[in-house]
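Everything below concerns the one structure shown next.
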Amino acid sequence: MAKFIKSVVMVGLLSGSALLHADQVSISFELPQIAVAKYQRPFVAVWVEQKGQRKALDIVGVWYDDKKWLKDIRRWWRQAGRYDQELDGVTGATKPPGSYELIWDGKDKQGNDVSGEVTLYLEAVREHGNRTLLKQKINLGSGAKQSYELTAGDEIGPVRILVGDSKNAE
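Quick note on numbering: the sequence shown equals residues -22 to -1, 1 to 148 in mature numbering (1 follows the signal peptide of the UniProt record, and there is no 0).
Structure follows, in structure tokens:
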């Protein structure tokens, strides 16, 4: 009986420690106010790709108002959109100008912790407007805090990416 309890405690400790080291990624960005006569809110996609893979590792968020225009988010569509039928959990309506934050739990679509080098992508496209594609390589699995600043594009304002243990994130 003591051996069984010891095994259960050890499994619990191992499971708990795996959860404590999972990297959480915070993506903060702005959708800028653009002074044009007929402003349309941008479609936005945020996703993660792992080095050497041809499809998205995980989709963090997609904001749109009509599915037929999703293919206009070109890079995302080629890497994820046309393959992924399970968007309900990460989608929402287009957003007005303002500041936004998305959190990625550092897990793939199957719920497994991701480690190693990945690339985080942000893409925004606006009808009768421009297209912006920003990307940043990040390393997961080390537990070390990381911070990145990306320069604004036409459709996405400045971006701040924070990587670190979910218990220690800034």
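All C-beta atoms in this analysis are idealised placements derived from N, C-alpha and C, irrespective of residue type, glycine included.
For residue 44, the three-state secondary structure derived from DSSP is coil. Contact between residue 142 and residue 124 holds: their C-beta atoms lie close to 7 Å from each other, under 8 Å. Of the candidates 119, 108, 97 and 105, 97 places its Cα closest to the Cα of residue 126.
For residue 109, the enclosing beta strand (DSSP E) begins and ends at 109 to 118.
Rounded to the nearest whole angstrom, the CA to CA distance from residue 41 to residue 74 is 11 Å.
The C-alpha of residue 55 lies about 11 Å from the C-alpha of residue 24.
Bounds of the beta strand (DSSP E) holding residue 1 are 1 to 9. In the DSSP assignment, the residues bridged to residue 95 are 117. Three or more beta-carbon pairs drawn from the segment 1 to 8 and the segment 133 to 140 are found closer than 8 Å, and the two stretches are therefore classed as touching.
The three-state reading of DSSP puts residue 57 in helix, counting H, G and I together. Here residue 86 carries a coil assignment [DSSP, helix/strand/coil]. The three-state secondary structure of residue 50, taken from DSSP, is helix.
Taken through DSSP and simplified to helix, strand or coil, residue 129 comes out as coil. Cα atoms of residue 90 and residue 72: separation of roughly 29 Å, rounded to the nearest angstrom. DSSP, read as helix, strand or coil, puts residue 122 in coil. Going by beta carbons, residue 83 and residue 2 fall inside the 8 Å limit.
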